[in-house]
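Under the UniProt record's numbering, think of the first position of the sequence shown as 1, with each following residue one higher.
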Amino acid sequence: MSVPFSSTHLRLPRGFGTILNGLVREVLRDQPEDIPKYAAQYFSSLLKQRQESGLDTAEWAARLEERFYYNHEFKDTE
C-alpha cells in the first residue's frame, strides 16, 4: 500500500513538547519495565498536581518558549 506524498505541516500544540520531554527524562531515569503503564501513572500524577496547585506546567513552559525562543513577551491567555 502506498501513501501519497503530502505537504501538510503539522504543528505541536503549545506545551506538548515540554510534557513529552518530561516523560522521556523520567523514563530514562527510572528505566521502567512497562513504559505505557509508567506513562499513564506519570500523566495521572501531572494532572493531580495541576488540579491541586492550579499551575499548568505545560502552559508555563509554553510561555517560556515563546519568551526565550521566539522573543515574544509574556502575554495573558485570559
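From the three backbone atoms N, C-alpha and C, an ideal C-beta is built for every residue, glycine too.
On a predicted model such as this, the values are computed, not experimentally measured, just so you know.
Whole-angstrom distance between residue j and residue i, CA atom to CA atom
i     : j     : result
Gly54 : Phe43 : 16 Å
Thr57 : Leu23 : 13 Å
Leu12 : Leu47 : 20 Å
Arg25 : Gln31 : 10 Å
Glu33 : Phe68 : 36 Å
Gly17 : Leu10 : 13 Å
Ala40 : Ser7  : 33 Å
Gln49 : Ala62 : 18 Å
Extent of the continuous alpha helix (DSSP H) run through residue i
i     : result
Tyr38 : 35-53
Three-state secondary structure assigned by DSSP to residue i
i          : result
Leu28      : helix
Arg63      : helix
Leu23      : helix
Gly17      : helix
residue 79 : Shown here, the chain extends from 1 to 78; a query on residue 79 therefore has no answer.
Interface flag, residue i vs chain B, CB-CB below 8 Å
i     : result
Ala62 : Structure shown: chain B not included; a single protein chain is present.
Rounded distance between the beta-carbons of residue j and residue i, thought under 8 Å
i     : j     : result
Gly15 : Glu52 : In fact, because the Cβ distance is near 19 Å, the residues do not count as touching under 8 Å.
Val27 : Ile19 : Val27 to Ile19, Cβ: 13 Å. No contact.
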